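Structural data, given as structure tokens:
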């Protein structure tokens, strides 16, 4: 009989925290060259989980518990409007469902079955995360607090749920391994501020 192996340990490192902080506050230039190589050597799943919990916290900071679907639709439309010519970088259906999932919308079906590829979903989450953080007006200290709290939550995550879809409480991180590559490729594609103060995708 084959011996069952335990699920691999998911580690959220200080480098993951620093990477996400730089991504939000400084942009991709802070993670080029040697620093980017160090990040690529890290476990991508840890960074994916950190992004997930940060995104969830930011969404809940902006939206009230009694949010309406129309508010989510309007918010995504506003973000896409701010992206201007690059609005197509943010798939509205994916963006809306990511926000609804983060807010615990019980009317939403399992978004792991969305047909869009992992890069599309990861890019949407990153674009929304920057927009949510900006709209929250947290400042550097607030961003640090939110990311550090997200890191604590991510470190408590039971990685075995990635290998079993039975747990309804499992955070949606696109099945783990597939998103590792998507996260690493998109971490350098942070949107930037335009001349009018709006967010522009890379």
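Residue numbers (the working numbering): 971 to 1172. No residue lacks a Cβ here, since even glycine has one placed at the ideal position from N, Cα and C. These numbers were taken from a predicted model, which means no experiment stands behind them.
Contact the segment 1099-1113 vs the segment 1022-1031: 3+ CB pairs below 8 Å: yes
Contacts around residue 1094, its chain only, beta-carbon distance under 7 Å, and the 5 residues preceding and following it disregarded: In the chain shown, residue 1094 corresponds to position 124, counting from 1. Within the same chain, residue 1094 has close Cβ partners 1060, 1061, 1064, 1065, 1068.
CA nearest to the CA of residue 1129, picked from 1016, 997, 989, 988: The residue labelled residue 1129 in the question sits at position 159 within the chain shown. Checking every option, the nearest Cα to that of residue 1129 belongs to 1016.
Residue closest to residue 1074, alpha-carbon to alpha-carbon, out of 991, 993, 1039, 1120: On the chain shown, position 104 is the one that residue 1074 refers to. Selected option, being the one with the closest Cα: 1039.
Own chain residues within Cβ distance below 6 Å of residue 1151, not counting five before or after: Taking the first residue of the chain shown as 1, we reach residue 1151 at position 181. Summary for residue 1151: the model assigns pLDDT 46, below 50, so the residue's position carries little reliability; its value from the coordinates is reported in the next sentence. Nothing meets the Cβ criterion.
Boundaries of the alpha helix (DSSP H) in which residue 1095 is found, first to last residue: Within the chain shown, the letter at position 125 stands for residue 1095. Its alpha helix (DSSP H) spans residues 1088-1106.
Test item: CB-CB of residue 1113 and residue 994 under 7 Å: Taking the chain shown and counting its residues from 1, one reaches residue 1113 at position 143. Taking the chain shown and counting its residues from 1, one reaches residue 994 at position 24. Residue 994 sits close to residue 1113, with the two beta carbons spaced by under 7 Å.
Per-residue DSSP class, three states only, for residue 1025: In the chain shown, counting from the first residue as 1, residue 1025 sits at position 55. Here residue 1025 sits in helix by DSSP.
Pairwise C-alpha distance: residue 1077 and residue 1020: On the chain shown, residue 1020 is found 50 positions in, with the first residue counted as 1. On the chain shown, residue 1077 is found 107 positions in, with the first residue counted as 1. Whole-angstrom Cα-Cα distance: 25 Å.
Through-space distance from residue 990 to residue 981, alpha-carbon basis: Here residue 981 corresponds to residue number 11 of the chain shown, with the count starting at 1. Here residue 990 corresponds to residue number 20 of the chain shown, with the count starting at 1. Rounded to whole angstroms, residue 981 to residue 990 spans 15 Å at the Cα level.
Delimiting residues of the alpha helix (DSSP H) encompassing residue 1120: As a first step, residue 1120 is located in the chain shown; it is residue number 150 there, counting from the start. From DSSP, the alpha helix (DSSP H) with residue 1120 extends over 1109-1125.
Short Cβ contact (7 Å threshold) for residue 1124 with residue 987: Position 154 of the chain shown holds residue 1124. Position 17 of the chain shown holds residue 987. Contact flag unset, no.
Same chain, Cβ closer than 7 Å to residue 1029, neighbours up to 5 away in sequence not counted: Taking the first residue of the chain shown as 1, we reach residue 1029 at position 59. For residue 1029, where only same-chain residues beyond five positions count, the Cβ hits under 7 Å are 1069, 1072, 1073, 1102.
Rounded separation between residue 1160 and residue 1018 - CA only: For the purposes of this step, residue 1160 is identified with residue 190 of the chain shown, where counting begins at 1. For the purposes of this step, residue 1018 is identified with residue 48 of the chain shown, where counting begins at 1. Confidence in residue 1160 is poor, its pLDDT being 47 and thus under 50, which makes the residue's placement unreliable; the coordinate value appears in the next sentence. Their backbone Cα atoms lie some 15 Å apart in a straight line.
Rounded straight-line distance, which links the Cα of residue 1106 to that of residue 1047: One-based indexing of the chain shown puts residue 1047 at position 77. One-based indexing of the chain shown puts residue 1106 at position 136. Rounded to the nearest angstrom, the two C-alpha atoms are 17 Å apart.
Neighbour-count burial assignment, residue 1052, 16 or more Cβ in a 10 Å radius: Along the chain shown, read from residue 1 onward, the residue named residue 1052 stands at position 82. With 16 or more other Cβ atoms from the protein chains shown falling within 10 Å of its own Cβ, residue 1052 counts as buried.
Simplified DSSP assignment, three categories, for residue 982: In the chain shown, counting from the first residue as 1, residue 982 sits at position 12. Note: residue 982 maps to coil in three-state DSSP.
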